[in-house]
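From first to last, the protein sequence lines stand for chains D and U.
Per our numbering, the very first residue in the first sequence carries number 179; after that it's consecutive.
Per our numbering, the very first residue in the second sequence carries number 95; after that it's consecutive.
Here's the structure we're looking at; comments come further down.
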Amino acid sequence: GIQVEQSPPDLILQEGANSTLRCNFSDSVNNLQWFHQNPWGQLINLFYIPSGTKQNGRLSATTVATERYSLLYISSSQTTDSGVYFCAVDGGFQKLVFGTGTRLLVSP
Amino acid sequence: NAGVTQTPKFQVLKTGQSMTLQCAQDMNHEYMSWYRQDPGMGLRLIHYSVGAGITDQGEVPNGYNVSRSTTEDFPLRLLSAAPSQTSVYFCASSSPRGTSNYGYTFGSGTRLTVV
Chain D
179 GIQVEQSPPD LILQEGANST LRCNFSDSVN NLQWFHQNPW GQLINLFYIP
229 SGTKQNGRLS ATTVATERYS LLYISSSQTT DSGVYFCAVD GGFQKLVFGT
279 GTRLLVSP
Chain U
95 NAGVTQTPKF QVLKTGQSMT LQCAQDMNHE YMSWYRQDPG MGLRLIHYSV
145 GAGITDQGEV PNGYNVSRST TEDFPLRLLS AAPSQTSVYF CASSSPRGTS
195 NYGYTFGSGT RLTVV
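Structural data, given as structure tokens:
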């Protein structure tokens, strides 16, 4: 089956710093998504990005499907960015296969 | 507010008991699915449905049953609870990929402990 790997597993930032999270996947996919799980456990869909680049405020994401990776950029991080970031790909019939996540802690 | 509603939020069961986790969505999404999240792991798919009357197994289906009699509801049944089913359960819905409003919406989760 499809394998999804995320790096780094943990990240600690000072407020205001920038960061890049990486997602590698084992098979060519046409449906990659990024999610944020906040400290209260709620999962929020950040981006649906099968290819190319998208931006939403301080967050942006780039997927290079031919090279099987995606990057999530967080600029000027804030404490509210803390939580776990997951990427997920479509394993067929819109069944999401998740990576193990990057745990981000932004300190004031 | 439109979204995915899960109940209950917390539940403690004794080994061998059965229960149903409820999931309802009001966005008229065709696709619904159940995931479990264990510590240090991503979410793993239990069961999914591509429309009313159609369900199929995901990665970790053993010990769980589902049915989809309406577009809105997708309950998950634990037949005989085991400690290995202690987890956080998430329900999700989405419209088909390629539609203008494609995207996943997750419920707030059910934290289940089996003792």
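The beta carbon of each residue, even a glycine, is placed where N, CA and C say it ideally should be.
Please report the residue range of the beta strand (DSSP E) in which residue i lies.
i                 : result
Gly157 of chain U : Run containing Gly157 of chain U: none; DSSP gives neither H nor E here.
Gln181 of chain D : It is not in any beta strand (DSSP E) - Gln181 of chain D carries neither H nor E in the DSSP assignment.
Ala266 of chain D : Gly261 to Asp268
Met126 of chain U : Tyr125 to Gln131
Asn196 of chain D : No beta strand (DSSP E) holds Asn196 of chain D; DSSP gives it neither H nor E.
Gly203 of chain U : Gly203 of chain U -> no beta strand (DSSP E), and no H or E assigned at all.
Gly145 of chain U : Leu137 to Gly145
Ser248 of chain D : Tyr247 to Ile252
Tyr196 of chain U : First-last for Tyr196 of chain U: undefined, no H or E at that position.
So, with DSSP's three-state summary, where would you put residue i?
i                 : result
Gln211 of chain D : strand
Ser163 of chain U : coil
Ser174 of chain U : coil
Gln220 of chain D : coil
Gln256 of chain D : coil
Gln116 of chain U : strand
If the cut is a Cβ gap below 9 Å, which residues of chain U does residue i touch?
i                 : result
Thr278 of chain D : Gly134, Met135 and Gly136
Going along the chain, which residues of its own chain have a beta-carbon closer than 8 Å to the beta-carbon of residue i, five neighbours each way excluded?
i                 : result
Gly197 of chain U : Ser188 and Ser189
Ser197 of chain D : Leu189, Leu191, Tyr251, Ile252, Ser255 and Leu282
Give me the chain D residues within the contact set of residue i, using Cβ-Cβ distance strictly less than 9 Å, ordered along the chain.
i                 : result
Tyr198 of chain U : Gln211, Phe213, Leu221, Asn223, Tyr226, Ala266, Gln272 and Leu274
Leu139 of chain U : Gly269, Lys273, Leu274, Val275 and Phe276
For residue i, collect the residues of the same chain with a Cβ closer than 7 Å to its Cβ; drop the 5 residues on either side in sequence, then sort them by chain order.
i                 : result
Ser181 of chain U : Arg130, Gln131, Asp132 and Leu206
Leu173 of chain U : Ser112, Gly157 and Asn159
Cutting at 6 Å between CB atoms, please list the residues of its own chain near residue i, excluding the five before and the five after it.
i                 : result
Ala239 of chain D : Trp212, Phe225, Ile227, Lys232 and Leu250
Kindly list, in the order they appear in chain D, the residues whose Cβ is closer than 8 Å to that of residue i.
i                 : result
Tyr142 of chain U : Phe271, Gln272 and Lys273
Show which residues of chain D have a CB atom less than 7 Å away from the CB atom of residue i.
i                 : result
Phe184 of chain U : Leu221
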